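A.B. asks: Can you read through this structure? Questions will come right after.
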Amino acid sequence: MKITDVLRAEHAVFHDLFDHIEAAVPRLKTLAEVKALAAVVEAVHEPHARTEDDLFMEPLEHCFDQLGQNELFHEEHRHIEEALAKARQAKTVREAKQILLGAMAASREHFDKEERIVFPLAERVLKAKTLSELGKAWLKRREMNDE
Ligand SMILES: [Fe+2]
Ligand SMILES: [Fe+2]
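For the sequence shown, counting from 1, position 113 maps to 1340 in my numbering; every step adds exactly one.
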């Protein structure tokens, strides 16, 4: 499977997760519940972002450099991670909700940009063989994580 299809499939799960969190957060009563949701997003976003950073952004680096976007994508991953960590350190329910919903909005924007710009760019620039080799590399990383 092409790495771009793998990442799109992962994105589909994230979209469901973001929908759920945006619907659930306003109804939550305790700080612990909000923090637990932030921790879930953090746990699933981390390996996704590392896959993109390591497997995907690297072979595309020269294109991003040309677009002046290279640092931007790494920075957006960092930004999302920092926002989620901040939600877990919040002192009040209100603050935690605000930070978590802000992180969801930033994530949606970032995911959307990848789907509209980065994945199609990768499919234009990289060979089909490279895309499927990167897909295999993804599978290998996943298997190693499960051990
Ligand atoms: Fe990303
Ligand atoms: Fe992504």
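Yeah, the Cβ is synthetic: ideal placement off N, Cα and C, and Gly gets one too.
Given the structure is predicted, the values throughout are model-derived calculations rather than measurements.
Could you check which residue in K1256, L1258, A1251 and A1239 has the C-alpha nearest to that of H1275?
C.D. replies: H1275 has its Cα closest to that of A1239, out of K1256, L1258, A1251 and A1239.
A.B. asks: So what does DSSP say about T1357, is it helix, strand or coil?
C.D. replies: It is helical.
A.B. asks: Taking the CB atoms as reference points, tell me whether T1257 and V1345 lie closer together than 8 Å.
C.D. replies: Contact: no.
A.B. asks: In chain order, what residues of the same chain have a beta carbon less than 7 Å from the beta carbon of E1237, not counting five sequence neighbours either side?
C.D. replies: H1275, listed in sequence order.
A.B. asks: In whole angstroms, what is the alpha-carbon distance linking L1311 and H1247?
C.D. replies: Distance between the alpha carbons of L1311 and H1247 is about 16 Å.
A.B. asks: In chain order, what residues place their C-beta within less than 6 Å of a heavy atom belonging to ligand 1?
C.D. replies: That gives A1276, E1279, H1304, H1337 and E1341.
A.B. asks: Please go through the same chain and pick out, in chain order, the residues whose beta-carbon is closer than 7 Å to the beta-carbon of S1334, but skip the five residues on each side of it.
C.D. replies: Here the set comprises F1245 and I1307.
A.B. asks: Taking all protein chains shown into account, decide if A1263 is buried (16 or more other Cβ within 10 angstroms of its Cβ) or exposed.
C.D. replies: By the 10 Å Cβ count, A1263 comes out exposed.
A.B. asks: Return helix, strand or coil for K1313, following the three-state DSSP convention.
C.D. replies: In this structure, K1313 counts as helix in the three-state DSSP scheme.
A.B. asks: Just curious, the alpha helix (DSSP H) that D1243 is in, first and last residue?
C.D. replies: Segment I1230 to A1251, the alpha helix (DSSP H) holding D1243.
A.B. asks: For the alpha helix (DSSP H) holding E1273, just list the boundary residues, first then last.
C.D. replies: Here the alpha helix (DSSP H) through E1273 covers L1258 to T1278.
A.B. asks: Is the closest heavy atom of ligand 3 to the C-beta of H1301 under 7 Å?
C.D. replies: Only ligand 1 and ligand 2 can be found as ligands here, which leaves ligand 3 out of the picture.
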